[in-house]
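Residue numbers (our numbering): 87 to 227. Glycine is no exception: its CB is placed at the ideal position from the N, C-alpha and C atoms. Fair warning: this is a prediction, and the values are worked out from it, not measured in the lab.
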Amino acid sequence: MPYDPTSQSNLDQVKTNHIHLDLAVNFAAKTLSGSAELEIEAIADHVNTVVLDTSFINVKAVSAAGKTLQFALGTRHEKYGSALTIYLAAPLAKGETSKILVQYATTKECTACQWLEPSQTVGKQHPYMFTQCQAIHARSL
87 MPYDPTSQSN
97 LDQVKTNHIH
107 LDLAVNFAAK
117 TLSGSAELEI
127 EAIADHVNTV
137 VLDTSFINVK
147 AVSAAGKTLQ
157 FALGTRHEKY
167 GSALTIYLAA
177 PLAKGETSKI
187 LVQYATTKEC
197 TACQWLEPSQ
207 TVGKQHPYMF
217 TQCQAIHARS
227 L
């Protein structure tokens with residue numbers, strides 16, 4: 087079974103096949119907000135939770151097929167962030183897929199986003215934001 091010592095996820099039970107991000111950039115607040123739709127696939131039998139790695143995010147809601155799912159954000163680990171545990175409405179059998187919608191916002195502590203003031207750009211007219219996700223910073227997006 088897959089194992090990653092730097093992850094709190096249950097990657098031995100479920101894998102993500104596709105992610106669709108729909109995010110709005112708020113330059114004034116220096117945050118991103120919106121949703122991530124994950125297409126997941128069970129790689130084990132009787133999968134009833136999905137555990138995702140997160141860091142410094144504010145989860146607002148989680149749903150699947152239009153139905154609200156319960157979730158819990160674990161205690162923050164200094165290096166690995168907080169595990170987001172999503173409780174599925176019904177267990178998934180091996181090979182079964184599902185789409186999960188996570189509505190969330192980043193926080194000012196987001197380590198993946200870099201924010202530049204207009205004075206730091208070539209044109210000096212508009213702010214600029216870019217992301218750098220290595221090594222583990224993508225979990226803050």
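Where residue i falls: helix, strand or coil (DSSP)
i	result
residue 206	helix
residue 223	helix
residue 239	Only positions 87 to 227 of the chain appear in this structure, which leaves residue 239 out of reach.
residue 177	strand
CB-CB length for residue i against residue j, believed under 8 Å
i	j	result
residue 131	residue 94	With 8 Å as the limit, residue 131 and residue 94 do not qualify as a contact, their Cβ atoms being about 22 Å apart.
residue 136	residue 105	About 13 Å separates the two Cβ atoms, so there is no contact after all.
Spatial distance of residue i from residue j (CA atoms)
i	j	result
residue 220	residue 161	22 Å
residue 134	residue 158	14 Å
residue 222	residue 143	14 Å
residue 218	residue 201	11 Å
residue 183	residue 108	21 Å
Nonlocal neighbours in the same chain, by C-beta distance under 6 Å from residue i, ignoring five residues either side
i	result
residue 101	127, 129
Beta-carbon proximity list for residue i, same chain, < 8 Å, skipping 5 on both sides
i	result
residue 154	147, 148
N- and C-terminal bounds of the beta strand (DSSP E) containing residue i
i	result
residue 108	100–112
residue 214	214–217
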